[in-house]
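K.L.:
Position 491 (the sequence shown) corresponds to 506 in my numbering; numbering is contiguous.
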Amino acid sequence: MTTAKWNLLGLAATALLTGSGVAQNTGQNLPSAPSAVRNAEQSSLQDEALGKPAGNGFRLNLATQPIGNGLTMELPKDGPLNLSLDDAVSLALERNIRLKYDRANETYVRGLTLGVINALIPNMTVSAKSNTQEVDLAALGFKPALFAKFASTGLIPAGFTVPSIVKVNTTQASFSASQVLFNLTDFELYRGTTNETNVVDLQTLTDRGDVILTVGSLYLQILGDEANVANTAAQERSAKTLYDQAVARHDAGVGVRLDVLRSQVDYQQRQQDHLSAINILAKDKIQLARVLGIPANQAIELTDKAPFQELAAQDLATAKQTAYAHRKDYLSLLEQNKLNHHIARAVRYQRLPTLLFNGNYGVIGITNGSYHGDFMAEGSLTFPIFNEANQRGQQEVADAQLTAVLQQERSLRDTIDAQIRSSMLDVQAADELVKVAQSNVQLAQQELSDEQDRFKAGVDDSLPVVDAEADVASAQAQLVQSLYQYNVAKLQLARNTGVVETRYRAYLGD
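1. Can you give me the start and stop residues for the beta strand (DSSP E) that A304 sits inside?
2. Helix, strand or coil for F398, going by three-state DSSP, please let me know.
3. Identify the continuous alpha helix (DSSP H) that holds D486 and give its terminal residues.
4. Just the Cα atoms here: how many angstroms apart are R425 and Y519?
5. If we ignore side chains and look at the alpha-carbon of each, how far apart do F202 and L135 end up?
6. Looking at the unbroken beta strand (DSSP E) that takes in N312, where does it start and where does it end?
7. Which residue's Cα is closest to the Cα of Q286: K505, Y205, A488?
8. Who does D389 pair with in a DSSP beta bridge?
9. Can you find at least 3 beta carbon pairs, one from the region 502–514 and one from the region 433–448, that sit closer than 8 Å?
10. Taking the alpha carbon of A254 as the point to measure from, which residue in G268, A242, H289 has its own alpha carbon closest?
11. Quick check on this structure: which residue in V195, S142, S232, I227 has the alpha carbon closest to the alpha carbon of R131?
12. Just how far apart, CA to CA, sit L421 and I301?
13. For S105, does the count of other Cβ atoms within 10 angstroms reach 16, so buried, or fall short, so exposed?
14. Are the Cβ atoms of H356 and L417 separated by less than 8 Å?
15. Apply the 10 Å Cβ neighbour rule to P345 and answer buried if 16 or more other Cβ atoms are within range, or exposed otherwise.
16. In the DSSP assignment, find the unbroken alpha helix (DSSP H) run with G224 in it and report its ends.
17. If we count Cβ pairs, one from each stretch, closer than 8 Å, do we get three or more for the region 269–284 versus the region 292–308?
18. What is the DSSP secondary structure of E89, reduced to helix, strand or coil?
19. Pick out the complete beta strand (DSSP E) segments inside the region 75–137, 3 residues or longer, and give them in chain order.
20. For G270, which residues of its own chain have a beta-carbon under 7 Å away from its beta-carbon, when the five flanking residues on both sides are left out?
21. Could you tell me whether the Cβ atoms of L235 and N405 are closer together than 8 Å?
22. Of all the options T212, G388, D482, N111, which has the alpha carbon lying nearest to the alpha carbon of G224?
23. Pull up the CB-CB distance for A107 and L90, whole angstroms please, since I reckon it's below 8 Å.
24. Near Q410, what residues of its chain come up, given a Cβ to Cβ distance below 8 Å and the 5 sequence neighbours on each side ignored?
25. Please go through the region 438–470 and give each complete beta strand (DSSP E) segment of 3 or more residues, from N-terminal end onward.
26. In chain order, what residues of the same chain lie with their CB nearer than 7 Å to the CB of M391, ignoring the 5 residues before and after it?
27. Pull up the CB-CB distance for V150 and V183, whole angstroms please, since I reckon it's below 8 Å.
28. From D259 to D266, what does the alpha carbon distance come to, in whole angstroms?
29. Could you name the residues of the same chain whose beta carbon sits closer than 7 Å to that of N198, not counting the 5 residues immediately before and after it, in chain order?
30. If you draw a straight line from the C-alpha of A452 to the C-alpha of G513, how long is it?
31. Compute the beta-carbon to beta-carbon distance between I237 and L317, rounded to the nearest angstrom, for a pair I have assumed lies under 8 Å.
32. With a Cβ-Cβ cutoff of 8 Å, do G529 and P322 count as a contact?
33. Have a look at the DSSP bridge pairing and note the partners of K182.
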């Protein structure tokens, strides 16, 4: 086999991919779970691979600055970059480094497949050349005495002389063609190029789903960070008010120094929480910028709010059918299995003879003189005889690849089952946690309001107020974390069923 063919087989051998309870329906307008029945557009792998990208086609053009050695660095745009979730997804699909690598890998594989295809198409060349030669006949042994001997025999006319230096000008033009007429090995490898291309395309789609999951999770995390910043700022203001009231009561002679110290410590603690929340928000924005492929110092403002919408119930069987129809890592294994079958047959077919044709036709003659035709036609039939050990070794490798992919396919089906079950449990648990956290926030706020009224009326000291503020802060932080966990659990369920790229909005809710 040619180098290109073996490169393709080596790439195929290492392209084995691996993969990575729903809340009850309590409303009438819950987003529905995707159907496992694929429509005409979804049933086509090419349509799914080359269809419309997720998001709204958001594009970003940034100025660049040279940094030496022919390299450039992108500069952040002036002012903040306003991003919705759809904008962030579109930007990541366009600029993410991992996806750029995948697109380069697709080009690389398609280049290898051309070498396989070239073995089945005719190889034709056209050539023309003209040359001038000077030949020293005396140096080659053709001396005048030799021609004199021939003249005495009458073969050469008397008085005929041959110069010792002969100059010859010739011109030649030819057309050559070669064609493999019968080689089942090349034909099977050609049939496998489609599967190999699909494997790489599905790897890109798998990575696209991972990028969308990452972007969605970071986007939700930043929304949670912003909520924590707002909550800690509100707690800081409340603690400052309590501190001012304690100072005023102490100065008026109706309060004790311990209330002032206690409220001051609480106020400074709220300041620390606020600064920590601001720092966490800034670092998460840097991480999001990295995933989006934009400068780390680019200011980002998120325009969407943290959604909370319950997901319609779906049964396990439907979710698994959806995953088997849409999970790109699973579909990739199916394509890999088809490819390995072609490779195994190609190895077996090496024992068969090959038939080739090679020929050329052209003209040759003295320059500015007469020309005559020149042609050659050749057919060759090749039988492999003493190559059995090599062929058996290749056959064992091909069979091992088939077995490995089959085992991976079975393992991935079990993994998908486990992942979907876990995601459904996560969604159900997170939904209940959100409801409990919402109730806790309401109760903590009511408790704080009552304690503040008691402190203002002089009925109680500042300790219950400080404790109530801590309870409110804890309840609000828990609510933010529960909302984040619920939305990420829904995204993970969409990822495990293979529809995160097209249905992430439906799972999160508008």
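We treat Cβ as the ideally placed atom computed from N, Cα and C, and that holds for glycine.
Remember, predicted model here, so these are calculated numbers, not experimental data.
P.N.:
Looking at the atomic coordinates:
1. By one-based count along the sequence shown, residue 304 stands at place 289. Here A304 belongs to no beta strand (DSSP E); instead the alpha helix (DSSP H) covers 272–307.
2. For the purposes of this step, residue 398 is taken as residue 383 along the sequence shown, with counting starting at 1. Residue state, collapsed to three classes: coil.
3. Residue numbering aside, residue 486 sits at position 471 when the sequence shown is read from its first letter. Element bounds for D486: 478–511.
4. Counting from one through the sequence shown, the residue named residue 425 turns up at place 410. Counting from one through the sequence shown, the residue named residue 519 turns up at place 504. Rounded to whole angstroms, R425 to Y519 spans 27 Å at the Cα level.
5. For this step, residue 202 is matched to residue 187 along the sequence shown. For this step, residue 135 is matched to residue 120 along the sequence shown. Distance between the alpha carbons of F202 and L135 is about 7 Å.
6. Here residue 312 refers to the residue found at position 297 when the sequence shown is read from its first residue. Premise fails: N312 is in no beta strand (DSSP E) and is neither H nor E.
7. To locate residue 286, count along the sequence shown from 1; it is residue 271. The shortest C-alpha separation from Q286 is found at A488.
8. Within the sequence shown, numbered from 1, the residue matching residue 389 stands at position 374. Partner(s): G377.
9. yes
10. Against the sequence shown, residue 254 aligns to sequence position 239. Nearest C-alpha to A254: H289.
11. Locating residue 131 in the sequence shown gives position 116, where the first residue counts as 1. Arg is not the amino acid found at residue 131; the sequence shown has Val there. Among V195, S142, S232, I227, the Cα nearest to that of V131 is on V195.
12. Sequence index remark: in the sequence shown, residue 421 carries index 406 (1-based). Sequence index remark: in the sequence shown, residue 301 carries index 286 (1-based). Between L421 and I301, the C-alpha separation is close to 42 Å.
13. To locate residue 105, count along the sequence shown from 1; it is residue 90. That one is buried.
14. Walking along the sequence shown from the start, residue 356 turns up at place 341. Walking along the sequence shown from the start, residue 417 turns up at place 402. Yes; because the gap between Cβ atoms is below 8 Å, this pair is in contact.
15. Reading the sequence shown from its first residue, position 330 is the one you call residue 345. One point to set straight first is that residue 345 is Tyr, not Pro, in the sequence displayed. Buried, by the Cβ-count rule.
16. Counting from 1 along the sequence shown, the entry for residue 224 is found at position 209. Taken as a continuous stretch (DSSP letters only), the alpha helix (DSSP H) holding G224 covers 199–266.
17. no
18. By one-based count along the sequence shown, residue 89 stands at place 74. Residue state, collapsed to three classes: strand.
19. 79–83, 86–89, 96–98
20. Against the sequence shown, residue 270 aligns to sequence position 255. Same-chain partners within the cutoff: A261, R264.
21. Position 220 of the sequence shown, counted from the start, is the residue given in the question as residue 235. Position 390 of the sequence shown, counted from the start, is the residue given in the question as residue 405. Going by C-beta atoms, L235 is not nearer than 8 Å to N405.
22. Taking the sequence shown and counting its residues from 1, one reaches residue 224 at position 209. For G224, the nearest C-alpha among the options comes from N111.
23. Within the sequence shown, numbered from 1, the residue matching residue 107 stands at position 92. Within the sequence shown, numbered from 1, the residue matching residue 90 stands at position 75. Contact flag wrong, Cβ pair sits at about 20 Å.
24. Residue 410 sits at position 395 when you count from the first residue of the sequence shown. Within the same chain, Q410 has close Cβ partners A359, V362, R363.
25. none
26. On the sequence shown, residue 391 is found 376 positions in, with the first residue counted as 1. G374, N375, listed in sequence order.
27. On the sequence shown, residue 150 is found 135 positions in, with the first residue counted as 1. On the sequence shown, residue 183 is found 168 positions in, with the first residue counted as 1. Confirmed, about 7 Å.
28. One-based indexing of the sequence shown puts residue 259 at position 244. One-based indexing of the sequence shown puts residue 266 at position 251. Each residue's CA atom was taken as its position, placing D259 and D266 some 10 Å apart.
29. Along the sequence shown, read from residue 1 onward, the residue named residue 198 stands at position 183. Taken in chain order, the residues that qualify are T369.
30. Along the sequence shown, one-based indexing puts residue 452 at 437. Along the sequence shown, one-based indexing puts residue 513 at 498. Cα to Cα, A452 sits roughly 30 Å from G513.
31. If you number the sequence shown from 1, residue 237 lands on position 222. If you number the sequence shown from 1, residue 317 lands on position 302. Confirmed, Cβ separation roughly 6 Å.
32. Since the first residue of the chain shown is 16 and the last is 525, residue 529 is not available in this structure.
33. In the sequence shown, residue 182 corresponds to position 167, counting from 1. Beta-bridge pairing links K182 to E149.
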